[in-house]
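All remarks here apply to the structure that follows.
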Amino acid sequence: EVQLVESGGGLVKPGGSLRLSCAASGFPFNTYSMNWVRQAPGKGLEWVSTISSSSTKIYYADSVKGRFTISRDDAKTSLFLQIHSLRAEDTAVYYCARGGILTGYPTTWGQGTLVTVSS
Amino acid sequence: QSVLTQPPSASGTPGQRVTISCSGSSSNIGSNFVYWYQQLPGTAPKLLIYKNNQRPSGVPDRFSGSKSGTSASLAISGLRSEDEADYYCATWDDSLSSYVFGIGTKVTVL
Chain Y
1 EVQLVESGGG LVKPGGSLRL SCAASGFPFN TYSMNWVRQA PGKGLEWVST
51 ISSSSTKIYY ADSVKGRFTI SRDDAKTSLF LQIHSLRAED TAVYYCARGG
101 ILTGYPTTWG QGTLVTVSS
Chain C
1 QSVLTQPPSA SGTPGQRVTI SCSGSSSNIG SNFVYWYQQL PGTAPKLLIY
51 KNNQRPSGVP DRFSGSKSGT SASLAISGLR SEDEADYYCA TWDDSLSSYV
101 FGIGTKVTVL
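Next up, the structure:
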């Protein structure tokens, strides 16, 4: 069974940093692309970033480019999102989502981790 | 706002057929697959339709997807109370080099 478990969320002050993690299991992690998608309270889904297998291709939403860094550790079957210069508008539930082998479209989703940016 | 246009709400009575539209452009829907997700209240999104019209195992055949040109649609036939949820379309946008989601459609079963 595919399992994705996010961690690392919490309350952070504006301008602060955070590192989100996603522990994956139940599938050959190194062959799949992975995504981060977020959802602000009461709002819709917003794609954040995608990393391909072997980290050969990385994409970011314009809203996070330059502040967020996606990475993966295939040996530890884990996905990460390093977030800097946090803003109030970054407050959201951050979901880790498995992509495909040939495409990055999110397919299986974790339960999410909440990031709250507030002073 | 999103480059994909979805109606914010849709509704129907049990047993009815409800259709949700997702309109885009040549740089997104017109040249890429469309995926649909269902998000039940308080839960994570779930893949409902992939590659325009394919259903993952376990998704009832009451759900169907289609795409024509720069628009796509999700149909729910035989509407049931447990179908009350938010539904999102998504695709890749070649111009933005990013995945994009629609704003989501809240389906209410009357």
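Here the protein sequences come in this chain order: Y and C.
In this text, residue positions in the first sequence follow my numbering: the first is 1, and each later residue adds one.
In this text, residue positions in the second sequence follow my numbering: the first is 1, and each later residue adds one.
For every residue, glycine included, the Cβ atom is placed at its ideal position computed from N, Cα and C.
- Boundaries of the beta strand (DSSP E) harbouring Ile76 of chain C: Ser71 to Ile76, taken from the DSSP string.
- Contacts with chain C at 7 Å (Cβ-Cβ) include Gly44 of chain Y.
- Assigned with DSSP and collapsed to three states, Glu1 of chain Y falls in coil, not helix or strand.
- Proximity of chain C to Ala61 of chain Y at the Cβ level (cut-off 7 Å) is accounted for by Ser98, in chain order.
- The C-alpha of Val64 of chain Y lies about 7 Å from the C-alpha of Val48 of chain Y.
- Per the C-alpha coordinates, the member of Y:Leu11, Y:Cys22, Y:Gly10 and Y:Gly16 positioned closest to Val2 of chain Y is Y:Cys22.
- Considering only beta carbons, the part of the region 83-98 of chain Y lying closer than 9 Å to chain C consists of Val93, Tyr95 and Ala97, in chain order.
- Under the three-state reduction of DSSP, Thr31 of chain Y is assigned to helix.
- Burial state of Asp73 of chain Y is exposed, judged by a 10 Å Cβ sphere holding fewer than 16 other Cβ atoms.
- In the three-state reduction of the DSSP assignment, Asp74 of chain Y falls in the helix class, which pools H, G and I.
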